[in-house]
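Visitor: Quick one: the structure is below, and I'll ask about it shortly.
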Amino acid sequence: MLPVIQPPAFLKRLLFRKKQSHKGDYGRVLMVAGSRGMSGAASLAGLGALRSGAGLVTLAVPDAIYPVVARKDPEVMVRSFLSTSSGSLHVRSFAEISKLLAGQDVLAIGPGLSRNESTAQLIHKLILKSKVPTVVDADALSSFEARPQILLNSESPLFLTPHEGEFERLFKLAVPRAGNLKRKNLAKETAEKFGIFLILKGHHTVVAAPDGKVFVNFTGNPGMATAGSGDVLTGILAGLLGRGQDYFATACAAVYAHGLAGDLAAKKMGQTSLIARDILDCLPAVFKKFEK
């Protein structure tokens with residue numbers, strides 16, 4: 010029988026806050042995200058991190074969308090950097106973003122970045138520069154298609170969050186559409202080979218660690234197959250990683266919480282009308298269950 014991620018005692022420990030503490034104790038997250046036409050992805054990921062308890066969240070976005078993103082959520086800090094002609098982050102912004110990265114506890118990169126070649130070069134440089142836990146999602150994953158071996162050069166703990174299609178394009182391996190055991194074994198082998206933490210999204214998301222640990226999650230529902238849901242998960246994972254605790258257990262907790270928030274949202278809204286914002290709105294109820 011496959012192991013199931015339960016609402017772990019680990020999550021209770023992870024969410025504990027000392028009476029004498031400050032925002033720096035709960036992690037500084039840098040979110041490199043967004044491009045013209047996809048500013049919402051950056052905002053959803055940023056809010057996901059804040060709703061998951063991150064002390065400080067900074068969005069690094071192209072200057073082409075800065076006015077839009079900066080007006081959305083006052084709790085999220087927003088920094089603008091050089092854009093390409095298509096409104097995505099330019100590789101020439103690498104030095105400035107690197108300076109910002111130096112003071113962070115977690116890097117998350119990918120939501121809404123676009124597939125611009127200059128942006129892809131920036132993604133690679135930042136991931137190889139990072140020394141902190143790094144969440145790689147969406148367009149950041151796409152930038153490594155057919156060349157995942159580049160990831161082997163990273164010095165930071167990497168957390169890749171592909172859905173099945175992204176996984177297949179990235180690793181050139183077919184994902185079984187039925188049977189948790191086959192998906193579990195595929196995720197395990199890939200995580201071990203590339204030395205990564207792999208979150209293979211889908212019906213019963215699989216979480217695999219580079220040391221061979223693997224779990225299958227059973228929270229979540231088909232209503233979560235909606236635009237922005239993955240961006241929220243990226244934010245949740247980045248926010249929880251800011252606590253600096255066990256990486257594999259944290260990834261499991263993030264996937265579990267994301268699915269449970271989706272289940273609560275489906276009860277309120279129904280699966281058909283569920284949107285990513287509903288998952289965000291249900292996160293507080295999920296985390297409140299595990300607070301001491």
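Plus 9 on top of the position in the sequence shown (first one is 1) and you've got the working numbering. Note that the Cβ used here is the ideal one computed from N, Cα and C, for glycine as well.
(1) Buried or exposed for Asn-125, going by 16 or more other Cβ atoms inside 10 Å?
(2) Whose C-beta lies closer than 6 Å to the C-beta of Lys-134 among residues of the same chain, with five residues either side of it excluded?
(3) On the premise that Val-115 lies in contact with Val-141, defined as a C-beta separation below 8 Å, what is that separation, rounded to the nearest angstrom?
(4) Inspect the beta-carbon positions of Gly-119 and Val-145 and report whether they are closer than 7 Å.
(5) Between the beta-carbon of Gly-121 and the beta-carbon of Ala-51, is there less than 7 Å?
(6) Which stretch, first to last residue, makes up the beta strand (DSSP E) that contains Val-141?
(7) Considering only residues of the segment 184-268, which uninterrupted beta strand (DSSP E) runs meet the minimum length of 3 residues and lie entirely inside it, listed in chain order?
(8) Taking the straight line between their C-alpha atoms, what separation do you get for Gly-33 and Gly-64?
(9) Please report the residue range of the beta strand (DSSP E) in which Ala-69 lies.
(10) Which one or two residues does DSSP pair with Leu-116 in a beta bridge?
(11) Given Thr-128, which residues of its chain have a CB within under 6 Å of its CB, disregarding the five upstream and five downstream residues?
(12) With a CB to CB cut of under 6 Å and the five nearest residues on each side skipped, what residues in its chain are close to Gly-229?
(13) Could you check where the beta strand (DSSP E) with Ser-89 kicks off and where it finishes?
(14) Please classify Lys-202 as buried or exposed, where buried requires at least 16 other C-beta atoms within 10 Å of its C-beta.
(15) Which residues in the same chain as Arg-178 place their Cβ atom closer than 6 Å to its Cβ, once the five residues preceding and following it in sequence are excluded?
(16) Where do the N-terminal and C-terminal ends of the beta strand (DSSP E) with Leu-167 fall, by residue?
(17) As a quick exercise: from Gly-211, Gly-279, Phe-296 and Leu-59, pick the residue whose alpha carbon is nearest that of Phe-227.
(18) Could you say if the segment 274-282 and the segment 216-223 meet the contact criterion of at least three C-beta pairs nearer than 8 Å?
Guide: Well, looking at it:
(1) buried
(2) Phe-103
(3) 6 Å
(4) Going by C-beta atoms, Gly-119 is nearer than 7 Å to Val-145.
(5) yes
(6) Element bounds for Val-141: n/a, residue is neither H nor E.
(7) Listed in chain order, they are 206-209, 215-217 and 223-225.
(8) 6 Å
(9) 65-71
(10) Leu-116 pairs with Leu-39 and Thr-143.
(11) Ser-97, Leu-98 and Leu-122
(12) Gly-268 and Gly-271
(13) Taken as a continuous stretch (DSSP letters only), the beta strand (DSSP E) holding Ser-89 covers 86-90.
(14) exposed
(15) Glu-154, listed in sequence order.
(16) Residues 167-169.
(17) Gly-211
(18) no
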